[in-house]
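**Q** Going by numbering that gives the first Met the number 0, the first residue of the sequence shown is number 0, and it counts up by one from there.
Ideal Cβ positions, reconstructed from N, Cα and C, are used throughout, including at glycine.
Only a predicted model underlies this, so the values are computations on that prediction, with no experimental measurement involved.
This structure is in C-alpha cells; I'll ask about it shortly.
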Amino acid sequence: MKRTCCSSRHVAALTLAAAAACLPALSQEAIYDEARIPAYTLPDALTMADGRKVASAGEWRAERRPELVRLFETHIYGRAPQPTTPVTAEVFEQSEDALGGKARRRQVAVYLTGRRDGPRVDVLIYLPRQARGPVPAFLGLNFAGNQAVNADPAIRLSESWMRESRGENVLNNRATEASRGSSSSRWPVEMILARGYALVTAYYGDIDPDFDDGFRNGIHPWFYTGKQTGPAPDEWGSIAAWAWGLSRILDVIETSNDGLGIDAKRVAVIGHSRLGKTALWAGAVDERFALVISNDSGCGGAALNRRRFGESVRRINTSFPHWFCDNYLQYNDNEDALPVDQHELIALMAPRPVYVASAEEDRWADPKGEFLSAKLAGPVYALFGYEGLPAEEMPAVNHPVAGRIGYHIRTGKHDVTDYDWTQYLGFADRQMK
Ligand code: GTR
Numbered sequence: 000m001k002r003t004c005c006s007s008r009h010v011a012a013l014t015l016a017a018a019a020a021c022l023p024a025l026s027q028e029a030i031y032d033e034a035r036i037p038a039y040t041l042p043d044a045l046t047m048a049d050g051r052k053v054a055s056a057g058e059w060r061a062e063r064r065p066e067l068v069r070l071f072e073t074h075i076y077g078r079a080p081q082p083t084t085p086v087t088a089e090v091f092e093q094s095e096d097a098l099g100g101k102a103r104r105r106q107v108a109v110y111l112t113g114r115r116d117g118p119r120v121d122v123l124i125y126l127p128r129q130a131r132g133p134v135p136a137f138l139g140l141n142f143a144g145n146q147a148v149n150a151d152p153a154i155r156l157s158e159s160w161m162r163e164s165r166g167e168n169v170l171n172n173r174a175t176e177a178s179r180g181s182s183s184s185r186w187p188v189e190m191i192l193a194r195g196y197a198l199v200t201a202y203y204g205d206i207d208p209d210f211d212d213g214f215r216n217g218i219h220p221w222f223y224t225g226k227q228t229g230p231a232p233d234e235w236g237s238i239a240a241w242a243w244g245l246s247r248i249l250d251v252i253e254t255s256n257d258g259l260g261i262d263a264k265r266v267a268v269i270g271h272s273r274l275g276k277t278a279l280w281a282g283a284v285d286e287r288f289a290l291v292i293s294n295d296s297g298c299g300g301a302a303l304n305r306r307r308f309g310e311s312v313r314r315i316n317t318s319f320p321h322w323f324c325d326n327y328l329q330y331n332d333n334e335d336a337l338p339v340d341q342h343e344l345i346a347l348m349a350p351r352p353v354y355v356a357s358a359e360e361d362r363w364a365d366p367k368g369e370f371l372s373a374k375l376a377g378p379v380y381a382l383f384g385y386e387g388l389p390a391e392e393m394p395a396v397n398h399p400v401a402g403r404i405g406y407h408i409r410t411g412k413h414d415v416t417d418y419d420w421t422q423y424l425g426f427a428d429r430q431m432k
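This is the structure:
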C-alpha cells in the first residue's frame, strides 16, 4: 500500500527530512474558535458532478445517490466487497427468562464469510419478554465486548483482541471478568425493552481489530485477490469493514427462520463516536436500515470536513490511519478539494429517518458542524416530500428538534446517556412504529 504522506504506519519508513516536513502540520493546534475557521464553500447535494441539477426524487435515486455513494467510497471510507458466500449463524445460547424476567436473550455466532475458520462475530440479542410477533430493534456495535453492555452473567466474555485504553478491565489485550457491565450506562437495556424494542449488539473488534496492522487481521484478508496484501487506496478501511459487518448481522436477522424475533424492516442502526461514523456509513450503503442514529460521531461522521473545527482530517488520518481508505490522506489540510462533504452523507439516508446528536462539551467532534450537516441534508428530504430538520439556527442545549431528520445537543461530555436514548426512542416511535 502506498502512502503519500505521514501516518503512524509509514512515518518509520520516511527519511528524516520528509518526516520533519510533516511535523508542523501534525502539531498544528486544533481550531476551537469560529472566527478562525477558513472560508469554505460546500458542494451542493443536488448538483451532479457534471453540473446538472437534480430536480426529482427519481433523479436523486437513479443518478445522484449512486454517484455520491461512489464518491464517498473512493475518497473517504473505501469500497467494501460484496459478500461472496452467505453469512452463517448459530444460536449458541438462549433464555426465555433473562434480566429478572424482563427479557428473552439470544447469543448467536455469526460467521462473516460463512466459514467456521473465518471471522466470527458474537451477537447478543435481548427481546422484550412479552412481545408477540417480530419487534423493531436497535442494532449497534459496542467498544468493549458484549459482556460490558450488561452485568448479566450469562453473556459470553469476549475473547477477541481489545484496545488497552479501556483501563483495568482489559489485560493483555483481552477483556477480563471485571469488565462485565462496565459500559451499561451506554446501553439502557431495560428502558429499550420496556418501549417494545429489541437490542442487538456485537463487539466491533470481532469484525476488524481496531489497530493499524496493515490489514492482515480481521475481515479484510478474506477478500484479497491474487497477490494482494492490503486494500487498494480506494478500498475499505476499518470503518467500512465495521459497517459491512453490521450489514451481515442484518442479513442474519433477515434470513433466519423467525427473524430471531426481530422485524428486519424496522432495524435502526446506532453508534457512538467512531461507531457513530460506522453507523452513518452503514446506513448510507445499506438502505435496508430503516433508521440511522449518529451519537457524537464528529470528524469523518456527521461533522463537516471543511469547518476543520476540533478534530481535523489530518489529525484523524494521523491518529487512526486504518479507519478510512488511503485516498482520504490527500485531503489532509486540503479539505476544500474533497468532492463531497458530510451533509451529503446524511442526505444518503433520505427518505429514511436519521438522527444526529452532539454533546456540549464534546467540542473535538464539532457540535455545530454536526448540526449543519443534519440541517443541510434537508433539500434532499424535501424532494421526497419530507421536512428535514425544522431549525434555522442551532437549537439550545437540551432542546431536541426533529422532522424526518432529528438533532439535539445535550449538556455533558462525549458519551451515550439516558438522555440520548430517550430522544432516540421517541424519534423511533414516531418514525418507525
Ligand atoms: C477519538 C477520535 C474521534 C472519536 C473517538 C472515539 O480519539 O479522535 O474521532 O472517534 O476517538 O471513537 O471514541
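Can you give the Cα-Cα distance for Pro402 and Leu70, rounded to whole angstroms?
**A** One point to set straight first is that residue 402 is Gly, not Pro, in the sequence displayed. Taking the Cα positions, Gly402 is about 27 Å away from Leu70.
**Q** From this set, Leu123, Thr73 and Leu375, which residue's C-alpha is nearest Glu386's C-alpha?
**A** Distance check between Glu386 and each of Leu123, Thr73 and Leu375 places Leu375 closest, using alpha-carbon atoms only.
**Q** Could you pull the start and end residues of the beta strand (DSSP E) that Ser357 belongs to?
**A** Val353 to Ala358
**Q** Contact defined as beta carbons within less than 8 Å: I believe Ile404 pairs with Leu424. What is the distance between those atoms, to the nearest angstrom?
**A** Not a contact, Cβ separation roughly 17 Å.
**Q** Just to check, is the beta-carbon of Arg35 closer than 6 Å to a non-hydrogen atom of ligand 1?
**A** no
**Q** If you follow the beta strand (DSSP E) that Lys276 is part of, which residue opens it and which one closes it?
**A** First-last for Lys276: Arg273 to Val284, but that is the alpha helix (DSSP H), not the beta strand (DSSP E).
**Q** How about Ser181: is its Cβ closer than 6 Å to a heavy atom in ligand 2?
**A** Among the ligands modelled here, namely ligand 1, ligand 2 does not occur.
**Q** Please state whether the Cβ-Cβ distance between Ile345 and Ala373 is less than 7 Å.
**A** yes
**Q** Please work out which residues of its chain come closer than 8 Å, Cβ to Cβ, to Asn168, disregarding the five sequence neighbours upstream and downstream, and give them in chain order.
**A** Ala143, Ala147, Ala174, Thr175, Ala177, Ser178 and Ser181
**Q** Using the rule of at least 16 other Cβ atoms within 10 Å of the residue's Cβ for burial, across every protein chain shown, is Thr277 buried or exposed?
**A** Classification for Thr277: buried.
**Q** Based on Cα-Cα distance, which residue from Met348, Ala197, Asn326 and Gly309 lies nearest to Arg64?
**A** Answer by Cα proximity: Met348.
**Q** Over the uninterrupted beta strand (DSSP E) stretch that includes Glu253, give me the two end residues.
**A** Counting along the chain, Glu253 falls outside any beta strand (DSSP E), though it belongs to the alpha helix (DSSP H) covering Ser237 to Thr254.
**Q** To test your reading of the DSSP string, which unbroken alpha helix (DSSP H) runs of 4 or more residues are found completely within the segment 145 to 206?
**A** 188 to 193
**Q** Rounded to a whole number of angstroms, what is the C-alpha to C-alpha distance between Thr46 and Gln106?
**A** 46 Å
**Q** Going by DSSP, name the residue or residues bridged to Thr46.
**A** Lys52
**Q** Helix, strand or coil for Pro65? Go by DSSP, reduced to three states.
**A** helix
**Q** Starting from the C-beta of Ala20, find all residues in its chain whose C-beta is less than 8 Å away, skip the five residues before and the five after it, and write them out in chain order.
**A** Residue placement at Ala20 is flagged as unreliable, the pLDDT there being 43, under the threshold of 50; the coordinate-derived value follows with that caveat. Excluding residues within five positions, none has a Cβ falling inside 8 Å.
**Q** So, Glu359 versus Thr416, is the Cβ gap smaller than 7 Å?
**A** Cβ distance not < 7 Å, so Glu359 and Thr416 don't count as in contact.
**Q** Taking its Cβ as the centre, do 16 or more other Cβ atoms sit within 10 Å of Glu343, making it buried, or is it exposed?
**A** buried
**Q** Residue range of the beta strand (DSSP E) that Tyr380 falls in?
**A** Here Tyr380 belongs to no beta strand (DSSP E); instead the alpha helix (DSSP H) covers Gly377 to Leu382.
**Q** When you measure from the CB of Arg162 to every non-hydrogen atom of ligand 1, does any distance come out below 6 Å?
**A** It does not: the Cβ of Arg162 is nowhere closer than 6 Å to a heavy atom of ligand 1.
**Q** In the structure shown, what three-state DSSP assignment does His398 receive?
**A** Here DSSP, grouped into helix, strand and coil, assigns His398 to coil.
**Q** Taking the straight line between their C-alpha atoms, what separation do you get for Asp262 and Leu140?
**A** 19 Å
**Q** Tell me which same chain residues have a C-beta within less than 6 Å of the C-beta of Leu22, skipping the five on either side of it?
**A** For Leu22, the predicted model reports a pLDDT of 45, less than 50, meaning its position is unreliable; a value from the coordinates is still stated below. So no residue of the chain qualifies.
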